[in-house]
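In what follows, a structure is listed as structure tokens, so that the remarks can point back to it.
In my numbering, the protein residues as written are 104 to 318.
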């Protein structure tokens, strides 16, 4: 099997991400800074031959994928398996607001995220299963190529955890900042994480791209 090189990117900044609010299944646009971040990602990957660009169907991911695909003269491929986890009644809330309204749920989300299901939302293990299925199809189709996947905080974390041989219960062991770049290689049953959530391409922009545990 020829190696597959995967760059997995979290979408750029949104107003909800900047305010550290749960976005989940909501469609929210990028901020001007978010668009600049994704243009910086495109420049960072410009010297790499990319065979395909995949994106979540949510607007913020598609808008983030657009400049990356354009620089390689590709059309982004929309894949529903990589959409963000739905957070139900938590969506639109900050973590502090969610703690006040759903104290037991939020305590469980912080301690055992793989066992928690937000009211009206998805269970993390269900999200992990669909992401794994989408990733298996992607790796089967693109052996020997370099692929970019633009998605979301939870999806990116799950992809990285799987690459490290860890499960959804270790969700908070890795981070996924807006427009962060993670590079993973898949070959002959082996997976190597070459870099994780790198942000050097965003140097010089105002503000800090790091976030708390709010996708």
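The beta carbon of each residue, even a glycine, is placed where N, CA and C say it ideally should be.
Problem - Nearest residue (CA-CA) to residue 175, options 298, 165, 146 - result: The count along the chain shown starts at 1 and reaches residue 175 at position 72. Answer by Cα proximity: 146.
Practice task
Please classify residue 209: does DSSP put it in a helix, a strand, or coil?
Solution key: For the purposes of this step, residue 209 is taken as residue 106 along the chain shown, with counting starting at 1. Reduced to three states, the DSSP call for residue 209 is helix.
Problem - Whole-number beta carbon distance between residue 262 and residue 238, since they are thought to touch under 8 Å - result: Here residue 238 corresponds to residue number 135 of the chain shown, with the count starting at 1. Here residue 262 corresponds to residue number 159 of the chain shown, with the count starting at 1. The pair is a contact, with the Cβ atoms about 6 Å apart (cut-off 8 Å).
Problem - Unbroken alpha helix (DSSP H) run spanning residue 244, endpoints - result: The residue labelled residue 244 in the question sits at position 141 within the chain shown. Run containing residue 244: 227-244, per the alpha helix (DSSP H) assignment.
Problem - In DSSP terms, what residue 319 is bridged to - result: Outside the displayed range of the chain (104 to 318) lies residue 319, so it cannot be described from this structure.
Practice task
With DSSP collapsed to three states, give me the class of residue 298.
Solution key: Counting from 1 along the chain shown, the entry for residue 298 is found at position 195. Strand at residue 298.
Handout entry: For residue 84, the three-state DSSP class (helix, strand or coil)
Key = With the chain covering only 104 through 318, there is no way to say anything about residue 84.
Exercise for the section: Assign residue 155 to one of three DSSP states: helix, strand, or coil. Expected result: On the chain shown, residue 155 is found 52 positions in, with the first residue counted as 1. Residue state, collapsed to three classes: strand.
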